[in-house]
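Visitor:
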Amino acid sequence: MADNSIRIPPLYYVHILDLNTNLTRVIEGPLTYALKDNERLASGKSPLKMVQIPPRCYCIVHNPVIKLKNKIVEDSFGMAKVRYGDREVRTSDTHPKPVPLYPFEILEQDITKIPVIRPNHAYQIRAIRDFQDGDKTRQSGDEWLYYGPGSYIPRIECEVVREINPITIKPNTALKLRALRFTIDKYNNERQAGEEWLIRETGDYLPQVEEEVVEEVKALVLTEKRAIQLRAVKSFVDVYKQQRKAGEEWLLTIKDTDTHIPDVYEVLVGTVNAVVLNNRQYTYILDPVDDSGKNQFGKKVLKKGECTFFLKPFEKLEKGILDVIVLADDEALLLKAIENFTETIKVKGVEETKSFNAGEKWMIYGPRDFIPSIKIEIIERRKTIPLDENEGVYIRDTSSGEIKAEIGKSYMLKPQEVLFELELPPIVEQLVNQQLFGIRGDVKRDGKAATTTRDKTRVVTFRVPHNSAVQVYNYKTKVNRVVFGPDRIMLHPDEQFTVVEISGGIPKREGVNKSLSLLLGPDFMSDMVVVETSDHASLALTLSYNWMFRVNKEDKNDANKIFSVRDFVGDACKTIASRVRGAVSGFSFEDFHQRSSDIIKAAVFGKKGDETKNEMFFPTNVLVITSVDIQSVEPTDEKTKASLKKSVNQAIEITTEANKARAQHEARKNEQFSKGTLELQKVKDMIESEKEQIKVIQLKAKNLEVQLTGKAVGEAIAEAKSKKIYYESLLQQVELEEEAKKIERETELALSKNKCEAEVAYKREIDELEIQKAKELAKIETQKFKQVVDAIGKQTIVSMARAGPEMQARLLKGLGLKGFMLMNSKNPINLLGTASGLIPK
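First residue of the sequence shown? That's 3 in my numbering, and the numbers climb one at a time after it.
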């Protein structure tokens, strides 16, 4: 290219600037242009390629030229006018030929393929300026959807905000939408800004511009054992055409629907499991729902099995599921009427109508099943109290207040009766418990009592020990009765035991022993008495007395005398001690030491003339002291006590030494005898040992003989078994080889058979394919010939028939026919047998 000329190839262009007029024009190729002195290249040293828009493509040009009737509008100077600041979308339809860019035109967006909107997809379009879109007027800021399938050609008046993908609504799901502004949805329903609704139809759904997807709502599955409880947050009509008020709660079960998708105005309160009652169960429902669907607060209903139901909103079970009350033949129920009602009951197989007033009590007896109605309260379940002839219970009549004891037979409480707890004084309670629970019950010692308590409703029983007596006082009749043992006392409600408190210990102390029974004797008691002789020797005497009560058990007055003295032991011991101290004070220590027994017996029993009496009698309580024994006499003075102790010790030592010498002599004698016996036993043991040794040798010889015989027999048996196993294994090996050969031959035969069958099947399929191919080719040729004839037309064939043979051959050859045959009615051709001749033999 020379300095003053430029070669412009085809589909290229340059901008030439005229320096004189300051105008720029476009020169298109192919051309070799010589620049004038007043012209310069404005587009650069190299030519520019024209904008060539392929099919289904577009570009955007900034500052486009103005066209009028597809011609560029020029100004008075001959320069193309442009729309400054504007844009233009050019496509292959609007500009099928390559076009140059005129001065001031800028390719804002390069060539881009026209976007294709897939089926069930859309573009969200926003208007950036006012324009007329077909029949619709679009304002700036308007948004709408451009639905597929199709191609979207961009426009300068609007922009693509985003691509809207479809949301697939699956079965048992729904799509929750929210209106961003007032709109009319696809079902022609008006929606206010912020309003929410559900799309329940399955399939793809494209949200509108004014719609916002909130969430996907899944269906809740209802079963026979599971229901859902819902609450309305706003008054609306649900999908079941039911009017729901704000705050209302209701239950949906499988009877209403199998699945439920919660509406936008519904809140899932929770799932409700079915309450299942068998034929032996029942329950109470509080605050039941009536037929109108409202709760009857404060009421309750009874549900009996066998049934299955759901608790409706605000309903609840009072005590859960209860089992039918089964009463045995020794059981009963104490019932009370909560309100007035009338009930039909069966009495000996006959139905009777009976009225009950509120607060009335009655009992029903077994054996039977019982389900209490809502108007009945079960106070308690009672059972027949089994009582032996020595057992009983205390019963109070609540209507009269009377207390009685039922003893010796089984008893069922009446409706107005209750068990009564008899309270005993604490000391009596302790003494009775001690005997009931296996502790010695006739005496309480040192203030220790049993910790186990008795059943206070049971009649108090006390076993009177042998040769003892118990006094019982009746406060109602004010009469005492004395029971002599062995016997059993059954304490009536108005009776009480007399507690006997007896002195105990040495010396005697008051209130040590407490008892309900008084021993009649004979028995003994001991006491310590300190006396002083005439020569002022102080002695501590330990005395033991035998005593007994001389009572006539048949005489009530005589029997009551033994309890007239509260502490007969203390009273008797004091009396005897007084007599002993008076008698000993008249004797010296030597005289008392020599005949202390006579002095004390004379003091206790007294004398009748020169003879001492045999007993001491207390007429107040018929107590008799039959004998006195001196157990010990100890001086209270230390010096006297030490001298007596020394003399006693010397006598003990002398006796001990004599016993020791006698024992040593006896031991030596026994030792010599034992040695002789031991030597004799050794000789006998040696003889027995030799005899046993001979037996052992004989047994060893027999054992060796048995071992040798067993070894020979075992080796012979082992060799026989070894040979047997060897020949059996050879036989088995031969059999297995024959079996293997048989299997091999059968396998080869099966393979040959399968191979032959496969070859036959293959040949058959090849033949069928050849036949099918021939049929299809024949069909195609026939179809082709028919189409050619149809294409030629009837008139053409007539012209061919009228033309000469040479012309006919040319015409037919022009039709692409490889072979042909012409005939007419004057020159027919016999085609009989032609088809068979065409088939190769």
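Ideal Cβ positions, reconstructed from N, Cα and C, are used throughout, including at glycine. Predicted model only: the values in this text are computed from it and were never measured.
(1) In whole angstroms, give me the CA-to-CA distance for I773 and V762.
(2) Report yes if the C-beta distance between N281 and G307 is below 8 Å; otherwise report no.
(3) What's the call for V553, buried or exposed, on a 16-neighbour Cβ count within 10 Å?
(4) Between T346 and the rest of its own chain, which residues show a CB-CB distance below 6 Å, the 5 nearest in sequence each way excluded?
(5) Going by beta-carbon coordinates alone, are S94 and I130 separated by less than 8 Å?
(6) Would you kindly report the start and end of the unbroken beta strand (DSSP E) that includes E214?
(7) Check this for me: beta carbons of L109 and V63, under 8 Å apart or not?
(8) Using 8 Å as the Cβ pair cut-off and three pairs as the minimum, do the segment 321-341 and the segment 377-396 touch?
(9) Going along the chain, which unbroken runs of the beta strand (DSSP E) with 3 or more residues stay wholly within the segment 291-346?
(10) I186 by DSSP, collapsed to three states: which one?
(11) Do I632 and I602 have their C-beta atoms within less than 8 Å of each other?
(12) Would you tell me roughly how many angstroms separate the C-alpha atoms of V291 and N297, rounded to the nearest one?
(13) How many angstroms separate the CA atom of N22 from the CA atom of N40?
(14) Are L13 and K51 touching if we call contact CB-CB under 8 Å?
(15) For a quick check, are the C-beta atoms of T273 and L319 less than 8 Å apart?
(16) Can you name the residues that DSSP bridges to E609?
(17) Please look up how many angstroms separate the CB atoms of G368 and A330, rounded, as I've assumed it's under 8 Å.
(18) Over the uninterrupted beta strand (DSSP E) stretch that includes L147, give me the two end residues.
(19) For the candidate residues T259, N174, T139, whose alpha-carbon lies nearest to that of K220?
(20) Which of helix, strand or coil does DSSP assign to R747?
(21) Taking 6 Å as the limit between beta carbons, can you name the residues of its chain near H595, skipping five residues before and five after?
(22) Which residue comes first and which comes last in the alpha helix (DSSP H) that contains G584?
(23) Could you say which of I287, N623, E379 lies nearest to F565 if we only look at CA atoms?
(24) Can you round the beta-carbon distance between L518 and V502 to whole angstroms, since I take them to be within the 8 Å contact cut?
(25) Restricting to runs no shorter than 3 residues, where is the beta strand (DSSP E) found entirely within the segment 28-115?
(26) Please report the distance separating the alpha-carbon of I186 from that of E268.
(27) DSSP three-state label for A776, please.
(28) Looking at C-alpha atoms only, which residue of S78, G87, R27 is the closest neighbour of P102?
(29) Please report how far the alpha carbon of H17 lies from the alpha carbon of N6, in whole angstroms.
(30) Quick one: complete alpha helix (DSSP H) runs, 4+ long, within the segment 445-508?
(31) Going by DSSP in three states, N562 sits in which element: helix, strand or coil?
(32) Which whole-angstrom value describes the C-beta separation of I127 and Y148, a residue pair presumed to lie in contact below a C-beta threshold of 8 Å?
(33) For P209 and E783, I'd like the C-alpha separation in whole angstroms.
(34) For the putative contact between R140 and D132, defined by C-beta atoms under 8 Å, what is the C-beta separation to the nearest angstrom?
(35) With DSSP as the reference, please indicate the residues paired to I632 in a beta bridge.
(36) Name the one or two DSSP bridge partners that N275 has.
Guide: Working from what's here:
(1) Counting from one through the sequence shown, the residue named residue 773 turns up at place 771. Counting from one through the sequence shown, the residue named residue 762 turns up at place 760. Their backbone Cα atoms lie some 16 Å apart in a straight line.
(2) Taking the first residue of the sequence shown as position 1, residue 281 is located at position 279. Taking the first residue of the sequence shown as position 1, residue 307 is located at position 305. In contact: N281 and G307 (Cβ atoms closer than 8 Å).
(3) Locating residue 553 in the sequence shown gives position 551, where the first residue counts as 1. If you draw a 10 Å sphere on the C-beta of V553, you find 16 or more other C-beta atoms in it, and that means buried.
(4) Translated into the one-based positions of the sequence shown, residue 346 becomes position 344. Within its own chain, the residues whose Cβ lies closer than 6 Å to the Cβ of T346, once the five positions on either side in sequence are excluded, are E353, T355, listed in chain order.
(5) Numbered from 1 along the sequence shown, position 92 holds the residue referred to as residue 94. Numbered from 1 along the sequence shown, position 128 holds the residue referred to as residue 130. No. Outside cutoff.
(6) The count along the sequence shown starts at 1 and reaches residue 214 at position 212. Unbroken beta strand (DSSP E) run through E214: 213-220.
(7) To locate residue 109, count along the sequence shown from 1; it is residue 107. To locate residue 63, count along the sequence shown from 1; it is residue 61. Closer than 8 Å, so yes.
(8) yes
(9) 302-306, 309-311, 327-329, 333-339
(10) As a first step, residue 186 must be located in the sequence shown, where it is residue number 184. Strand.
(11) Within the sequence shown, the letter at position 630 stands for residue 632. Within the sequence shown, the letter at position 600 stands for residue 602. Cβ distance < 8 Å, so I632 and I602 count as in contact.
(12) By one-based count along the sequence shown, residue 291 stands at place 289. By one-based count along the sequence shown, residue 297 stands at place 295. In a straight line, the C-alpha of V291 is about 4 Å away from that of N297.
(13) For this step, residue 22 is matched to residue 20 along the sequence shown. For this step, residue 40 is matched to residue 38 along the sequence shown. So the alpha carbons of these two residues sit roughly 6 Å apart.
(14) Translated into the one-based positions of the sequence shown, residue 13 becomes position 11. Translated into the one-based positions of the sequence shown, residue 51 becomes position 49. Yes. Within cutoff.
(15) Counting from one through the sequence shown, the residue named residue 273 turns up at place 271. Counting from one through the sequence shown, the residue named residue 319 turns up at place 317. A distance of 8 Å or more separates the beta carbons of T273 and L319.
(16) The count along the sequence shown starts at 1 and reaches residue 609 at position 607. This sequence places Lys at residue 609; Glu is not what is there. Partner(s): T614.
(17) The residue labelled residue 368 in the question sits at position 366 within the sequence shown. The residue labelled residue 330 in the question sits at position 328 within the sequence shown. That pair is a contact at about 5 Å.
(18) Reading the sequence shown from its first residue, position 145 is the one you call residue 147. Per DSSP, L147 is one residue of the beta strand (DSSP E) stretching across 145-149.
(19) Here residue 220 refers to the residue found at position 218 of the sequence shown. Cα-wise, what sits closest to K220 is N174.
(20) Taking the sequence shown and counting its residues from 1, the one referred to as residue 747 is at position 745. R747 falls in the helix class under three-state DSSP.
(21) Residue 595 sits at position 593 when you count from the first residue of the sequence shown. So no residue of the chain qualifies.
(22) To locate residue 584, count along the sequence shown from 1; it is residue 582. G584 -> alpha helix (DSSP H) spans 570-586.
(23) Residue 565 sits at position 563 when you count from the first residue of the sequence shown. Here the closest residue by C-alpha is N623.
(24) Position 516 of the sequence shown, counted from the start, is the residue given in the question as residue 518. Position 500 of the sequence shown, counted from the start, is the residue given in the question as residue 502. The pair is a contact, with the Cβ atoms about 7 Å apart (cut-off 8 Å).
(25) 33-36, 41-43, 59-64, 89-93, 108-115
(26) Looking up residue 186 in the sequence shown gives position 184. Looking up residue 268 in the sequence shown gives position 266. Rounded to whole angstroms, I186 to E268 spans 23 Å at the Cα level.
(27) Along the sequence shown, one-based indexing puts residue 776 at 774. A776: helix per DSSP, three-state reduction.
(28) As a first step, residue 102 is located in the sequence shown; it is residue number 100 there, counting from the start. Ranking the options by Cα distance to P102, first place goes to R27.
(29) In the sequence shown, residue 17 corresponds to position 15, counting from 1. In the sequence shown, residue 6 corresponds to position 4, counting from 1. Whole-angstrom Cα-Cα distance: 15 Å.
(30) none
(31) The residue labelled residue 562 in the question sits at position 560 within the sequence shown. Here N562 sits in helix by DSSP.
(32) As a working note, residue 127 is residue 125 in the sequence shown. As a working note, residue 148 is residue 146 in the sequence shown. Right, the Cβ-Cβ distance comes to about 5 Å (below 8 Å), so this counts as a contact.
(33) Stepping through the sequence shown from its first residue, residue 209 is reached at position 207. Stepping through the sequence shown from its first residue, residue 783 is reached at position 781. When rounded, the distance between both Cα atoms is 56 Å.
(34) Looking up residue 140 in the sequence shown gives position 138. Looking up residue 132 in the sequence shown gives position 130. Right, their Cβ atoms sit about 7 Å apart.
(35) Looking up residue 632 in the sequence shown gives position 630. I632 is bridged to L545.
(36) Here the question's residue 275 lines up with position 273 in the sequence shown. Beta-bridge pairing links N275 to R228.
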